[in-house]
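Working notes, beginning with the structure itself.
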């Protein structure tokens, strides 16, 4: 039985986010059973003491808590509900936590399936990017039952600086969607303001300095503005991942019969950004796509 | 001759911004000659020692510096270049400064006309709203010649906490436009995120608290989010004034052949907001118009 403190953790997904997060749990002394679609990417963790498992089911076997952090909702479904999935092997009384940014409806479906076999379930997507994952400064937005959240909290606190239970099943994913919706249109504002400033022959660095402390200020302006000025469009957060998230948000808004024209425009502009070969660049490379829309080069201007 | 320090100031426009700004100059000991379309709104300043003048020309007569802060670009044109305008009476060696948010092209036109009669000209719009005007914490974004800016600086510093010369004539207005462009789409992101959160039955206050410190954070989210939660849609900055500014920005972008789809959407959504009777409310009342778009009431949800 796993009703006491979490000691053994099954970990599914060792990508750019999952690998450093799992590493923090090894450092904290948890016994970790790890699996990943590509075994190669889990080897460093195995060398540090994690036990390699060939399937999510095997990683889940005997664990007090199982964390999944994979790519798309379809991957979440496969590793959780699929034939070799977590719920086929996890013990009664354990907790499963999906930290992928995924669909609120799928989170509710997994919660119901888990509850049917006496397993707690949390959706717990994060923000803060790969830097936050490496430095354990993520924001964890959880949805589920309070008692499951309390048991998982010591684990989450190894991964992030802010950990909040936002509500019932799906509430973590919904909160992450609200986060992405605010970022999406905000980034349009930042990129359009920067391009306008450059086309107007302003000293763009000075403009950022002038407007960032006031009502136009945002995390995106202060963090991505200077990077764009240096011509640095590395992620941060990748355009193609953002398109996935915005697609989920649009589908959820549609389901709730909520029209969000700004979100729809943002998604289209990011599709255009990806179409121009920038899918693996940072979200602020929207700036480059905006310029190309007008046949204008970002690099050519002053400042 | 007015080549030395500014002692006498002509002040044109005593609206919600202009009146408190002019008051700060009276407090600082400047001799002020004031005019306004509606005399009534200048009386408090006259009681405090300003000399009432019936036209902008009369206010400008003998002044070392003339400040205009009126409503629309057409008003700026009238009070500056019109028959009873400032440039018809201002002395050689003086400086005129337009602090209205107005057209960069008009700022250049006024600069040229002023230069032709030996008068310095600055465009110097502000951000910070009526609160910033009352507390003298405005941001002043100036365009023009360095020597004119240096002479006007002691006056500007009575009005704002940040005063920057952004470049040549028009650069102040262009900077203000960049500021408004960033705010416009940013506010769409904030309002859509808040409405999404409420429709998803989240605790919206908790969502703001969770996402505001991270990549979704912005001045608008932190300042207008809580007001919207309280059902407080008072300005701040009025929707109808914002529509004016966005129209100027769109026209300038068009002139520069720069397509800004986010700005275009924002302007349309604000027109819709005004059309629903919210033109005198704050810019965050976009939230209400967004809800009505989906037949949803902001007030009806939890949180």
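Residue numbers (this note's numbering), protein chains in the order written: chain A, 1161 to 1463; chain B, 1161 to 1463.
Quick reminder that beta carbons are idealized off the backbone N, C-alpha and C, glycines included.
Buried versus exposed, by CB contacts within 10 Å (16 or more), residue 1286 of chain A
buried
Determine, using beta carbons only, whether residue 1421 of chain A comes closer than 8 angstroms to chain B.
yes
Where residue 1187 of chain B falls: helix, strand or coil (DSSP)
helix
Please report how far the alpha carbon of residue 1501 of chain B lies from the alpha carbon of residue 1377 of chain A, in whole angstroms.
Here chain B has residues from 1161 to 1463 only, and residue 1501 of chain B is not among them.
Where does residue 1461 of chain B fall in DSSP's three states?
For residue 1461 of chain B, the predicted structure reports a pLDDT of 43, less than 50, and the residue's modelled location is therefore unreliable. A value from the coordinates is still provided. In the structure shown, residue 1461 of chain B sits in coil (DSSP, three-state: anything other than H, G, I, E or B).
Curious, which full-length alpha helix (DSSP H) runs of at least 4 residues does the stretch 1411-1444 of chain B contain?
1421-1433
My understanding is that residue 1204 of chain A touches residue 1196 of chain A, with C-beta atoms under 8 angstroms, so please give their C-beta distance in whole angstroms.
With 8 angstroms as the limit, residue 1204 of chain A and residue 1196 of chain A do not qualify as a contact, their Cβ atoms being about 11 angstroms apart.
Residue 1263 of chain B by DSSP, collapsed to three states: which one?
coil
Is the Cβ of residue 1427 of chain B closer than 8 angstroms to any Cβ of chain A?
For residue 1427 of chain B, the answer is no, since every Cβ of chain A falls outside 8 angstroms of its Cβ.
Could you work out which residues of chain A lie near residue 1400 of chain B, taking near to mean beta carbons separated by less than 9 angstroms?
Under the 9 angstroms cutoff, chain A gives no residues; its nearest Cβ is about 17 angstroms from residue 1400 of chain B.
Buried/exposed call for residue 1340 of chain A, threshold 16 Cβ in 10 Å
Residue environment: residue 1340 of chain A is assigned as buried (16 or more neighbouring CB atoms within 10 Å of its CB, all protein chains considered).
Between which two residues does the beta strand (DSSP E) carrying residue 1303 of chain A extend?
1298-1303
Skipping 5 residues on each side, what residues in its chain have a beta carbon closer than 7 angstroms to that of residue 1290 of chain A?
Hits under 7 angstroms: 1176, 1177.
Ignore the nearest five residues each way along the sequence and tell me which others in residue 1208 of chain A's own chain have a CB closer than 8 angstroms to its CB.
1183, 1186.
Check whether residue 1362 of chain B and residue 1327 of chain A have beta carbons under 8 angstroms apart
In this structure, the beta-carbon distance from residue 1362 of chain B to residue 1327 of chain A falls below 8 angstroms.
Check whether the stretch 1301-1312 of chain B touches the stretch 1243-1251 of chain B, taking contact to mean three or more Cβ pairs, one atom from each stretch, closer than 8 angstroms.
No: fewer than three Cβ pairs fall under 8 angstroms.
Residue range of the unbroken beta strand (DSSP E) whose run includes residue 1321 of chain A
1320-1327
Residue 1191 of chain A versus A:1211, A:1427, A:1332, A:1198, residue with shortest Cα-Cα distance
Nearest in C-alpha terms to residue 1191 of chain A, of all of A:1211, A:1427, A:1332, A:1198, is A:1211.
If you measure between the beta carbons of residue 1418 of chain B and residue 1356 of chain A, is that distance less than 8 angstroms?
yes
With C-beta atoms as the reference, is residue 1403 of chain B less than 8 angstroms away from residue 1445 of chain B?
No, Cβ-Cβ distance for residue 1403 of chain B and residue 1445 of chain B is not below 8 angstroms.
From the beta carbon of residue 1326 of chain B, is the nearest beta carbon of chain A less than 8 angstroms away?
Closer than 8 angstroms to some Cβ of chain A, the Cβ of residue 1326 of chain B qualifies, so yes.
Counterpart residues of residue 1193 of chain A in DSSP-defined beta bridges:
A:1170, A:1211
Suppose you measure from the CA of residue 1181 of chain A to the CA of residue 1400 of chain B; what does that come to, to the nearest Å?
48 angstroms
Going by other Cβ atoms of all chains shown within 10 Å of its Cβ, with 16 needed for buried, is residue 1261 of chain B buried or exposed?
buried
If you measure from the beta carbon of residue 1301 of chain B to each beta carbon in chain A, is any gap under 8 angstroms?
yes
For residue 1219 of chain B and residue 1459 of chain A, the rounded distance between their alpha carbons
Roughly 47 angstroms separates the two Cα atoms.
Between the Cα of residue 1214 of chain B and the Cα atoms of B:1237, B:1222, B:1244, B:1238, which residue gives the shortest distance?
B:1244
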